[in-house]
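Number of protein chains: 2
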Amino acid sequence: MSETFEKDRRFASTLARGLSVLRAFRASDDGLSHMEIAERTGLPNATVSRLTFTLRELGYLSHAGKNDRYRLGPAALAIGNVASASVSFLETASDPMQKLANETGTLALFAVRDGEKMLLVKTWRPQNTASIWLEPGHRIPIFGSSSGMAVMACLSDAAFAALEPDDDLRSFRQTGYEQLLARGFAVAPNDTRYAASVNAVSVPFHAGEFGEPASFSCGALPEMLGDARMEEDVGPKLRDAVRALETRTGRSPALLKRG
Amino acid sequence: MSETFEKDRRFASTLARGLSVLRAFRASDDGLSHMEIAERTGLPNATVSRLTFTLRELGYLSHAGKNDRYRLGPAALAIGNVASASVSFLETASDPMQKLANETGTLALFAVRDGEKMLLVKTWRPQNTASIWLEPGHRIPIFGSSSGMAVMACLSDAAFAALEPDDDLRSFRQTGYEQLLARGFAVAPNDTRYAASVNAVSVPFHAGEFGEPASFSCGALPEMLGDARMEEDVGPKLRDAVRALETRTGRSPALLKRG
DNA sequence: AAATTGATTTCCGCATAGTGGAAATGAAGT
DNA sequence: ACTTCATTTCCACTATGCGGAAATCAATTT
Chain A
186 MSETFEKDRR FASTLARGLS VLRAFRASDD GLSHMEIAER TGLPNATVSR LTFTLRELGY
246 LSHAGKNDRY RLGPAALAIG NVASASVSFL ETASDPMQKL ANETGTLALF AVRDGEKMLL
306 VKTWRPQNTA SIWLEPGHRI PIFGSSSGMA VMACLSDAAF AALEPDDDLR SFRQTGYEQL
366 LARGFAVAPN DTRYAASVNA VSVPFHAGEF GEPASFSCGA LPEMLGDARM EEDVGPKLRD
426 AVRALETRTG RSPALLKRG
Chain B
186 MSETFEKDRR FASTLARGLS VLRAFRASDD GLSHMEIAER TGLPNATVSR LTFTLRELGY
246 LSHAGKNDRY RLGPAALAIG NVASASVSFL ETASDPMQKL ANETGTLALF AVRDGEKMLL
306 VKTWRPQNTA SIWLEPGHRI PIFGSSSGMA VMACLSDAAF AALEPDDDLR SFRQTGYEQL
366 LARGFAVAPN DTRYAASVNA VSVPFHAGEF GEPASFSCGA LPEMLGDARM EEDVGPKLRD
426 AVRALETRTG RSPALLKRG
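Protein chains in written order, with the working numbering: chain A, 186 to 444; chain B, 186 to 444.
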């Protein structure tokens, strides 16, 4: 019994389980063993075995040698490339974001909401500074992250209500909204930050391609990126970069979509 | 009944069907309607409906507005990015390949074998020349394509035999092998080319990450890229680019792995 | 507004595909 | 050879997914 909460008749759980196997991979993993997959997904061994067989058969996973670990295969790559090609703004964003990462020495990233979490879709590491940190595929909590704050702030009241938010999340969202109105970027209040080891600024972005608002962020260790620098340096730069992107790709600011 | 031929007890067909829905998307599609998905996958409507519901639920597909078409969603993007991050050579290859595409005015691409077909994983279009053509996610036949020839030539005899090749494919492979030995790149013989409208040269590449040999290619319309130019200009350039890549990423030439 | 057409979703009884505990196999160590 | 740990296979059970058909929903036409 996995953590699936769907019991809708329309929900194909085998498919969901199979995908959860693919989702188990992180960019930093140098392949996963069978058992690691079972642990990460919470699926029983026998099930993982059948699913990996299928995924391998279809090219989504590969098993270099006989007893090697699993890796994402060519088919996964292809889907990703098709997806990126159809999400044109990411390509457009890539250059300025890489530049921003280099200039500010922070990790730039693009994230979307995925259920209860923020899903990191793409990251740009600064080329000089070392900042081994979050990677694509990683999920961070909405509450307490600046990207979560930016995204929540842009949700319409109805969409937000659908999440059945508690009071903390409500006021978290409210703070985000005020910050965005005031200066166009969001920073999670110190006392709510989900990880003490990470400071980040975020700017929401309305990616028509998926229904959800999403966000661009810059993050780094607090030593490198104190509150002052977020407010005065990195925040404004990120905001301007995202505004430029909105102009180039012909979108209106995400906050306006709140409805 | 789709074209699945697996009847192995271990094969999870619901998962395979769900993935075939994702696979139905091409980079050029501006979203797919429900019915287009049904057509492309050969699945009955009701089934597509349940599968898209699930995929939407999980973020692999998105449905911008109420009655909009389906697009690949954030989760698909994320998987792809995880996959690309773990396939480091593609990143390394990106610059030289783009350069090669520009210099030669051809479409450069990277493909892997996926079952009976060659699966285009990534493409680099020349920036000046117009060459709207194959896209990531597209599949082309092995027989008659230069990339197929390059890949077949690098397969070990055992692996090749496992494909149950006919005589045509055997000699196709043999030709490829000889070409690669002689000058390091492969061009499909004129009379076997699978599409008259496409000329291409390929060089195999051993991507340890997936078990399969893969290939880099340059292709264009025959008017732009005659046999002579393939032999004397583009072929050698591509071969040298791939050799340089092998050196940089510390791999031995794919042909040597044939065993 | 009623009628037509066409796409999409829901219904629901049935057969089968998928499940997971347990046992068998396989791979490393000691 | 023995122990331990990872992976695959077996198999009886039943929940799951199937797909034809009917019901909705949307967009046109009359």
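Ideal placement from N, C-alpha and C gives every residue a C-beta, glycine not left out.
Since this is a predicted model, take the numbers as computed values, not measurements.
Beta carbon of residue i nearer than 8 Å to that of residue j
i               : j               : result
P259 of chain B : V306 of chain A : yes
S273 of chain B : A296 of chain B : no
G203 of chain B : L240 of chain B : yes
G322 of chain B : A429 of chain B : no
F357 of chain A : R195 of chain B : no
A209 of chain B : T226 of chain B : yes
L236 of chain A : A343 of chain B : no
G311 of chain A : A286 of chain A : Note that residue 311 of chain A corresponds to Pro in the displayed sequence, not to Gly. Contact flag set, yes.
Y245 of chain B : L217 of chain B : no
R185 of chain B : T232 of chain B : Coverage of chain B is limited to positions 186 through 444, which leaves residue 185 of chain B absent and any answer about it impossible.
T199 of chain A : T199 of chain B : yes
T377 of chain B : F328 of chain B : yes
Interface residues of chain A facing residue i [CB-CB closer than 7 Å]
i               : result
V372 of chain B : Chain A residues near V372 of chain B: none, gap ~23 Å exceeds 7 Å.
V388 of chain B : The premise fails here: V388 of chain B is roughly 17 Å from chain A at the closest Cβ pair, so nothing lies under 7 Å.
L236 of chain B : A197 and L200
F274 of chain B : Those do not exist, as F274 of chain B stays about 12 Å from chain A at its closest Cβ, beyond 7 Å.
D299 of chain B : G244, P259 and A260
Nearest residue (CA-CA) to residue i, options the options
i               : options                           : result
D215 of chain A : A:S247, A:R355, A:L204 and A:T291 : A:S247
A338 of chain A : A:G300, A:Y379, A:R310 and A:P389 : A:P389
L440 of chain A : A:S400, A:M415 and A:R378         : A:S400
D418 of chain B : B:T226, B:G300 and B:G290         : B:G290
A347 of chain B : B:H391, B:G300, B:P321 and B:N375 : B:G300
M334 of chain A : A:Q312, A:Q364 and A:L319         : A:Q364
A380 of chain B : B:S234, B:E397 and B:L319         : B:L319
R414 of chain A : A:T226, A:L243 and A:E288         : A:E288
T308 of chain B : B:S279, B:G329 and B:A209         : B:S279
P398 of chain A : A:L200, A:R298 and A:R235         : A:R298
D253 of chain A : B:L257, B:F395 and B:L410         : B:F395
R324 of chain A : A:L304, A:T377, A:V336 and A:T314 : A:L304
E416 of chain B : B:P374, B:E349, B:D193 and B:Q283 : B:P374
S330 of chain B : B:K302, B:P229, B:E349 and B:L340 : B:K302
G435 of chain A : A:D412, A:L257, A:H391 and A:E349 : A:H391
S402 of chain A : A:T360, A:E349, A:S341 and A:Q283 : A:Q283
P438 of chain A : A:V336, A:D193, A:L410 and A:D412 : A:V336
Per-residue contacts from residue i into chain A (C-beta, under 8 Å)
i               : result
Y245 of chain B : L204
R256 of chain B : S271, E394 and F395
A284 of chain B : One point to set straight first is that residue 284 of chain B is Lys, not Ala, in the sequence displayed. Here the premise fails: no neighbours, minimum Cβ distance about 17 Å.
V306 of chain B : P259, L262, A263 and N266
T226 of chain B : Under the 8 Å cutoff, chain A gives no residues; its nearest Cβ is about 13 Å from T226 of chain B.
Listed by chain order, chain A residues near residue i by CB distance under 9 Å
i               : result
F401 of chain B : Result: empty, since nearest Cβ-Cβ is about 14 Å, beyond 9 Å.
R208 of chain B : L243, A260, A263, I264 and V267
T277 of chain B : By Cβ distance, chain A contributes nothing, its closest Cβ being about 14 Å from T277 of chain B, past 9 Å.
E320 of chain B : N266, V267 and A270
Residue i: contacting residues in chain B (beta-carbon distance under 7 Å)
i               : result
A344 of chain A : Residues of chain B passing the Cβ test: none, with the nearest at roughly 13 Å.
A268 of chain A : L257, A261, L262 and G265
T212 of chain A : The sequence given here places Ala at residue 212 of chain A; Thr does not occur at that position. Going along chain B in sequence order, the residues near A212 of chain A (Cβ under 7 Å) are V267, A270 and S271.
T314 of chain A : By Cβ distance, chain B contributes nothing, its closest Cβ being about 19 Å from T314 of chain A, past 7 Å.
T377 of chain A : Within 7 Å Cβ-Cβ: nothing; T377 of chain A doesn't reach chain B, min ~24 Å.
8 Å Cβ cut-off: residues of chain B touching residue i
i               : result
T360 of chain A : Ordered by position in chain B, no residue passes the 8 Å Cβ test against T360 of chain A, which lies about 25 Å from the chain.
T289 of chain A : The contacting residues do not exist; T289 of chain A stays about 22 Å from chain B at best.
Cross-chain neighbours of residue i in chain B, by beta carbon under 9 Å
i               : result
T434 of chain A : Here the premise fails: no neighbours, minimum Cβ distance about 15 Å.
Requested in this report: Would you be able to state if there are at least three C-beta pairs under 8 Å between the stretch 373-392 of chain B and the stretch 401-408 of chain B?
Outcome: yes
**Report entry** At least three beta-carbon pairs within less than 8 Å, the stretch 421-441 of chain B to the stretch 353-372 of chain B
**Finding:** yes
Report task. Pair every Cβ in the stretch 263-280 of chain A with every Cβ in the stretch 221-229 of chain B, then say whether three or more of these pairs are closer than 8 Å. Result -> no
Report task. Please confirm if the stretch 347-361 of chain A is in contact with the stretch 288-302 of chain B, defined as three or more CB-CB distances below 8 Å between the two stretches. Result -> no
Query raised in the report: What are the start and end residues of each continuous beta strand (DSSP E) run of 3 or more residues lying completely inside the stretch 261-348 of chain B, in chain order?
Result: 292-299, 302-309 and 324-326
Query raised in the report: Which ranges would you report for the alpha helix (DSSP H) in the stretch 188-255 of chain A if only whole runs of at least 4 residues count?
Result: 198-208, 219-226 and 230-242
Query raised in the report: Can you list, in chain order, the stretches of the alpha helix (DSSP H) that have 4 or more residues and sit fully within the stretch 343-386 of chain A?
Result: 352-368
Report task. Could I get the ranges of all uninterrupted beta strand (DSSP E) runs contained in the stretch 408-435 of chain A, with 3 residues as the minimum, in chain order? Result -> Those beta strand (DSSP E) runs which fall completely within the stretch 408-435 of chain A and span 3+ residues do not exist here.
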